[in-house]
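The block underneath contains the structure these notes are about, expressed in structure tokens.
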Amino acid sequence: MSLILLIEQLLNGLQFGVMLFLMSAGLTLIFGVMGLINLAHGSLYMVGAFAAAGVAAATGSFALALAASLAAAAIAGVLVEVLVIRRLYDRDHLDQVLATFALILIFSESTRWVFGSFPLYLDVPAALSGAVSLPGGISYPAYRLAIIGIGLAVAVILFLLISKTRIGMRIRAGESDREMIGALGVNISVLYTAVFALGAALAGFAGALVGAIQSVQVGMGEPVLILAFVTIVIGGIGSIKGAFVGALLVGLTDTLGRVLLPVAFGTFMDPSSATAVGAALASMSIYILMAGVLLFKPTGLYGSA
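Structure follows, in structure tokens:
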């Protein structure tokens, strides 16, 4: 494998990782602060993608499409939290799993009813449609570089929000001792709704960004949700830093595994068999990574006991 191809795959892994971070950051906040297992988080990712595709088709503006994805996912998150999730905080995790799984079905059928069963397509903005020449003769799509930049910027903003602001202090306190901050006069219901809306908006934003490089279709959020759960388990539940590091590890492991493993097996197997075996092991690689991390650090890389 050439060095240029390896660097391109590293960039692909980084792009995939920052997208996973946008998805998993909200998920880890919701689980860390509320103790809630939300299987419907992937549906909010789908809502953002469909909202962006619909607005882009109507207006031709990619900026408005991104704004629509944030707004639509946040509003959907608020409605879900107020109407359904609020009744699940004191229930056991099995009830939470069953209720949020039902929400997946409701979101999927509602989206199919509104937009139909055929995939939608979100065009890359003209300003980012070309390639960028990087040092070493590497040509890489400008839009994928923009996703990396946006994801890193969101990571910095989210870290500052959680660590340096009053609302961040309340979120961290709610994660540690929700009864105490309630006794100190903080409205727990409003805090929970705000956290859920923030997590939903991040998921919808991720869906809109990815919607321009793949089709927007019903059920697109569930595979990403699985990877997001793997990410927060590796990084540590409730940790934004852990979500970021875990997302990069999962993104790089998955992307490089799909490229390097078939090449490695191709040295002593026929090409078709090497491709099949390498692809199978690549799909397993992130779960092997998760098992390895949990073997030595059961709380995840940055999780607390």
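For the sequence shown, the UniProt record's numbering assigns the number 1 to the initial residue and increments by one for each residue that follows.
Every residue gets a Cβ at the ideal spot worked out from N, C-alpha and C, and that includes glycine.
- In the three-state scheme derived from DSSP, where H, G and I count as helix and E and B as strand, Tyr140 is classed as strand.
- For Leu225, the secondary structure class from DSSP, reduced to helix, strand or coil, is helix.
- In the structure shown, Ser133 falls within a strand segment according to DSSP collapsed to helix, strand and coil.
- If you ignore the 5 residues before and after Ala25, its C-beta comes within less than 7 Å of the C-beta of Leu158, Leu202, Ile240, Ala243, all in its own chain and listed in chain order.
- When secondary structure is reduced to three states using DSSP, Leu120 falls in the strand class.
- The C-alpha of Leu152 lies about 14 Å from the C-alpha of Phe205.
- Secondary structure at Val216: strand, using DSSP grouped into helix, strand and coil.
- DSSP places Asn12 inside the alpha helix (DSSP H), whose first and last residues are 3–34.
- Taking the C-beta atoms as reference points, Gly17 is found nearer than 9 Å to Val250.
- A residue is called buried when at least 16 other Cβ atoms come within 10 angstroms of its Cβ; Phe107 meets this threshold and is buried.
- With the rule of 3 Cβ pairs closer than 8 Å, the segment 29–45 counts as touching the segment 89–109.
- Rounded to the nearest whole angstrom, the C-alpha separation of Leu209 and Val186 is 35 Å.
- Across the structure, Ala291 and Asp254 are spaced so that their CA atoms are roughly 15 Å apart.
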